[in-house]
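What follows is a set of notes on a single structure, which appears directly below.
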Amino acid sequence: AEDGKLNQVIGRDQEIRHCIQVLSRRMRNNPVLIEETSVGKTSIVEELAQSDESCRGKLEERLKSVLKETENLNGGIILFIDELHLVLGARRAEGAMNVANLLNPMLARDEVRCIGTTKLDEYRKYIEKYPTFESCFQQVLVKELTVAARGSILRGLKDRYGPHFGVRILHSALVIDAELSNRYIANQFLPHKAINLIDETCTSICVQLESQLEIIDQLERRELQ
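Residue numbers (the numbering used here): 2 to 226.
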């Protein structure tokens, strides 16, 4: 983030302001970002959480070290936990490390601040069942972007994807991209499926151009022979 390598966030001003507001609270200053969509990626992390004992032991020691360092800096660090429900979902595995037992006391005493993310169904399935853990967090609902916000995001793609692939992306192409991705890609959500389609299209064009240049080069060599 300090190097400016992260992509600019568009259309999430309300959620960002809400997070800042929660982080500024005196108590319960740990925002948990909740969204309704789910892409199934948590199954990989859940499998890792239930891996062999040695891995869990090393992870526990590393987490203790991170929490200790965070405590020593007196609030100078905000801990980020993606898929927050996994710290409770790991209880399902016999002998699995209960990360929540390490986090909960420090969160309750306001010794560490934390931002978590999770899906709405996972929040209800795991986090709501443990009131002491849930009480440490404040919900920030991440809703689907408006049409105007989606358009702003897609227009912002031209500045990043155009130079990267060496192509010129027209505004009309972005409009068609949003319409077609919304109509035909059912297993993803906007704006991610529109972004993926732009990425795939630009990649395909570059590959075709390289192939054409290679064919032209081969023909020119034959003429010279």
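From the three backbone atoms N, C-alpha and C, an ideal C-beta is built for every residue, glycine too.
Looking at the DSSP output, residue 34 sits in a beta bridge with 118, 141.
Closest option to residue 120, judged by alpha-carbon separation, among 112, 213, 129, 185: 129. Proximity to residue 176 across 166, 165, 108, 149 peaks at 149, based on C-alpha coordinates. Between the beta-carbon of residue 118 and that of residue 83 there is about 5 Å, and that keeps the pair under the 8 Å contact cut.
Assigned with DSSP and collapsed to three states, residue 82 falls in strand.
Relative to the Cα of residue 36, the nearest Cα in the group 123, 114, 174 belongs to 123.
Using a 10 angstroms sphere on the CB of residue 196, the tally of other CB atoms reaches 16 or more, which defines it as buried. Look at residue 215 here: in three-state DSSP terms it is helix. When the beta-carbon positions are compared, residue 199 and residue 178 come within less than 7 Å of each other. Beyond the five residues adjoining it in sequence on each side, residue 166 comes within less than 6 Å, by CB distance, of 203, 207 in the same chain, given in chain order.
Here residue 115 is near residue 80, since their CB atoms are less than 7 Å apart. In the structure shown, the three-state DSSP call for residue 22 is helix. With contacts defined as CB atoms closer than 7 Å, residue 142 and residue 103 fail to qualify as a contacting pair.
Residue state for residue 147 is assigned as coil, using DSSP reduced to three classes. Residue 151 and residue 86 have their C-alpha atoms some 28 Å from each other. For the pair residue 14 and residue 172, the Cα-to-Cα distance works out to about 24 Å. By the neighbour-count definition (other C-beta atoms within 10 Å, threshold 16), residue 127 is a buried residue. Between the alpha carbons of residue 100 and residue 23 lies a gap of roughly 23 Å.
Here residue 31 is not near residue 190, since their CB atoms are 7 Å or more apart. Taking a C-beta distance under 7 Å as the contact criterion, residue 71 and residue 33 do not qualify as a contact pair.
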